[in-house]
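Peer 1: The structure that follows is given in the form of structure tokens.
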Amino acid sequence: MKVLIAGGAGFIGSTIGSCLLDAGHQPVVLDNLVTGRREFCAGRPFYEGDIADRAILDRIFDDHPDIEAVVHCAALIVVPDSVARPISYYRENVVKTLDLVDHLIAKGVTRLVFSSSASIYEPNDEFSVDEGSALAAQSPYARTKLVVERMFTDITAASPLRVLSLRYFNPIGADPKMRTGLQVAAPSHALGKLIEAYRAGTPFSVTGVDYPTRDGSGIRDYVHVWDLAGAHLRALEVFDTLFPEKSHYRVINLGTGTGTTVREFVEAFNQVVDRPVAIAEAPRRPGDQAGAYTRSTRAADLLGWRAEHSVADGIRDTLAWFEQRDRILPDLAGRR
Numbered sequence: 001m002k003v004l005i006a007g008g009a010g011f012i013g014s015t016i017g018s019c020l021l022d023a024g025h026q027p028v029v030l031d032n033l034v035t036g037r038r039e040f041c042a043g044r045p046f047y048e049g050d051i052a053d054r055a056i057l058d059r060i061f062d063d064h065p066d067i068e069a070v071v072h073c074a075a076l077i078v079v080p081d082s083v084a085r086p087i088s089y090y091r092e093n094v095v096k097t098l099d100l101v102d103h104l105i106a107k108g109v110t111r112l113v114f115s116s117s118a119s120i121y122e123p124n125d126e127f128s129v130d131e132g133s134a135l136a137a138q139s140p141y142a143r144t145k146l147v148v149e150r151m152f153t154d155i156t157a158a159s160p161l162r163v164l165s166l167r168y169f170n171p172i173g174a175d176p177k178m179r180t181g182l183q184v185a186a187p188s189h190a191l192g193k194l195i196e197a198y199r200a201g202t203p204f205s206v207t208g209v210d211y212p213t214r215d216g217s218g219i220r221d222y223v224h225v226w227d228l229a230g231a232h233l234r235a236l237e238v239f240d241t242l243f244p245e246k247s248h249y250r251v252i253n254l255g256t257g258t259g260t261t262v263r264e265f266v267e268a269f270n271q272v273v274d275r276p277v278a279i280a281e282a283p284r285r286p287g288d289q290a291g292a293y294t295r296s297t298r299a300a301d302l303l304g305w306r307a308e309h310s311v312a313d314g315i316r317d318t319l320a321w322f323e324q325r326d327r328i329l330p331d332l333a334g335r336r
């Protein structure tokens, strides 16, 4: 199967590409390299450009008329940045997705897997969600994902396009073969900041300690990026079975099914490294919420997929990647 991956030079998109290659499929990558890396596209056809650029999409489909499906991972994703720059987030995540989908439909594409986010769920007292839980995005970033999902609901009702939205929880880890991993020099998520604190010998800031969770810190569902890639592979392979007659839009959560608080995550990190990282309590960041984890079995029922890696596995693989990152991405050397 030949698959176009929009945003395929980024952390998740490139890992999906590696997983597809390992399974005998052919990824074709489109990425503007704003955050993605050319190095992550080795061994796969790569087109540098914007997902809303009709000319480059025409060239891709002229070169690869046998593309059978598209995976859409191209987006801006940093919550505090979305609060500061909402116009950029709506333009990049919503407007350009609309342009992309319009052109895909014109090209006869009928299979699209969308990288959505579990941040669109309404926080609840149990901190667990399934695909039927209430939606109430709490940040501009999350609202762009929700707007796109609602847009897809309308578009698929009026076109041959079928869309599977995969709502991710918190990806950690790296490609086990160390082909790809977290590419940004200053990662904003918890594990990236933990590694920075560990290397600098400084405390790790737990941003938000007044949530109504078991220890006051936020709760997350940390899922290994290789497990996420495997879910995409499985979704593509069984795509046509997921859509009953007259149904063109579906949603599946991807997570481990286990909630881990930020304090518990730090404890797990300290069990892996040779010296512990201390905690410093800090206020919530703009747009932050308590978090959630999945209680759904839909991924297992429909995809035959379950997360296989533990939180500790994800931490170990991330640390292994960080040890190799400066060699693979030499311009990041010293920028820790």
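When you line the sequence shown up against UniProt numbering, it's residues 1 to 336, in that order. Even glycine gets a Cβ: it sits at the ideal position worked out from N, Cα and C. Owing to the predicted nature of the structure, the values given are computational and were not obtained by experimental measurement.
Suppose only complete runs of 4+ residues qualify. What are the alpha helix (DSSP H) ranges in the stretch 48-102, listed by chain order?
Peer 2: Within the stretch 48-102, the complete alpha helix (DSSP H) runs of at least 4 residues are 54-63, 79-84, 86-89.
Peer 1: Helix, strand or coil: which one does DSSP assign to His224?
Peer 2: As a first step, residue 224 is located in the sequence shown; it is residue number 224 there, counting from the start. His224 falls in the strand class under three-state DSSP.
Peer 1: For a test of the three-state rule: what should DSSP assign to Phe114, helix, strand or coil?
Peer 2: Within the sequence shown, numbered from 1, the residue matching residue 114 stands at position 114. Here Phe114 sits in strand by DSSP.
Peer 1: One question on the structure: do Asp215 and Tyr293 come within less than 8 Å of each other, judged by their Cβ atoms?
Peer 2: Start at 1 with the first residue of the sequence shown, and residue 215 comes out as number 215. Start at 1 with the first residue of the sequence shown, and residue 293 comes out as number 293. Cβ distance not < 8 Å, so Asp215 and Tyr293 don't count as in contact.
Peer 1: Can Gly7 and Cys73 be called in contact, C-beta distance under 8 Å?
Peer 2: The residue you call residue 7 lines up with position 7 of the sequence shown. The residue you call residue 73 lines up with position 73 of the sequence shown. In this structure, Cys73 lies closer than 8 Å to Gly7 by Cβ.
Peer 1: Can you give the Cα-Cα distance for Gln26 and Ala282, rounded to whole angstroms?
Peer 2: Here residue 26 refers to the residue found at position 26 when the sequence shown is read from its first residue. Here residue 282 refers to the residue found at position 282 when the sequence shown is read from its first residue. Looking at the two C-alpha atoms, the distance is approximately 45 Å.
Peer 1: Please state if the CB of Ala23 and the CB of Phe127 are separated by a distance shorter than 8 Å.
Peer 2: Your numbering for residue 127 matches position 127 in the sequence shown. Your numbering for residue 23 matches position 23 in the sequence shown. It is not a contact, given that the beta carbons lie outside the stated cut-off.
Peer 1: Looking only at its chain, what residues have a beta carbon closer than 6 Å to the beta carbon of Glu92, apart from the 5 residues adjacent to it on each side?
Peer 2: Counting from 1 along the sequence shown, the entry for residue 92 is found at position 92. For Glu92, where only same-chain residues beyond five positions count, the Cβ hits under 6 Å are Leu76.
Peer 1: Mind checking Asp317: buried by the 16 CB within 10 Å criterion, or exposed?
Peer 2: Position 317 of the sequence shown, counted from the start, is the residue given in the question as residue 317. Asp317 comes out buried.
Peer 1: Residue ranges of each alpha helix (DSSP H) run of no fewer than 4 residues wholly in the stretch 135-168, ordered along the chain?
Peer 2: Fully enclosed alpha helix (DSSP H) runs of 4 or longer: 140-157.
Peer 1: Does the beta-carbon distance from Phe11 to Leu135 come in below 8 Å?
Peer 2: Locating residue 11 in the sequence shown gives position 11, counting from the first residue. Locating residue 135 in the sequence shown gives position 135, counting from the first residue. No; because the gap between Cβ atoms is not below 8 Å, this pair is not in contact.
Peer 1: Rank Val78, Ile60, Val70 by C-alpha distance to the C-alpha of Glu237 and give the top, closest one.
Peer 2: As a working mapping, residue 237 is identified with position 237 in the sequence shown. The shortest C-alpha separation from Glu237 is found at Val70.
Peer 1: Which residue or residues does DSSP assign as beta-bridge partners of Ala280?
Peer 2: Mapped onto the sequence shown, residue 280 falls at position 280. DSSP lists Ser205 as partners of Ala280.
Peer 1: Please classify Gly259 as buried or exposed, where buried requires at least 16 other C-beta atoms within 10 Å of its C-beta.
Peer 2: Translated into the one-based positions of the sequence shown, residue 259 becomes position 259. It counts as buried.
Peer 1: Given this structure, state the Cα-to-Cα distance separating Asp154 from Ser115, to the nearest angstrom.
Peer 2: Mapped onto the sequence shown, residue 154 falls at position 154. Mapped onto the sequence shown, residue 115 falls at position 115. Approximately 18 Å between the Cα atoms of the pair.
Peer 1: Counting only the same chain and skipping the five closest in sequence on each side, list residues whose C-beta sits under 8 Å from that of Gly36.
Peer 2: Here residue 36 refers to the residue found at position 36 when the sequence shown is read from its first residue. Once the five neighbours on either side are set aside, the close Cβ partners of Gly36 are Gly7, Gly8, Ala9, Gly10, Gly13, Ser14, Gln183.
Peer 1: What's the C-alpha gap between Asp240 and Leu302?
Peer 2: Reading the sequence shown from its first residue, position 240 is the one you call residue 240. Reading the sequence shown from its first residue, position 302 is the one you call residue 302. Approximately 11 Å between the Cα atoms of the pair.
Peer 1: Roughly how many whole angstroms lie between the Cα atoms of Val3 and Ala229?
Peer 2: As a working mapping, residue 3 is identified with position 3 in the sequence shown. As a working mapping, residue 229 is identified with position 229 in the sequence shown. Each residue's Cα considered, the two are about 13 Å apart.
Peer 1: Please return the same chain residues whose Cβ sits closer than 6 Å to the Cβ of Gly334, not counting the five positions on each side in sequence.
Peer 2: Here residue 334 refers to the residue found at position 334 when the sequence shown is read from its first residue. Confidence at Gly334 is low in this model, with a pLDDT of 47, below 50, so the placement of that residue should be treated as unreliable; the coordinate-derived value is given next. Cβ neighbours of Gly334 beyond the five flanking positions: none.
Peer 1: Starting from Asp31, follow its DSSP beta bridges and name the residues at the other end.
Peer 2: For this step, residue 31 is matched to residue 31 along the sequence shown. In DSSP, Asp31 forms a bridge with Glu48.
Peer 1: In three-state DSSP terms, what is Leu4?
Peer 2: The count along the sequence shown starts at 1 and reaches residue 4 at position 4. In the structure shown, Leu4 sits in a strand (DSSP, three-state: E or B).
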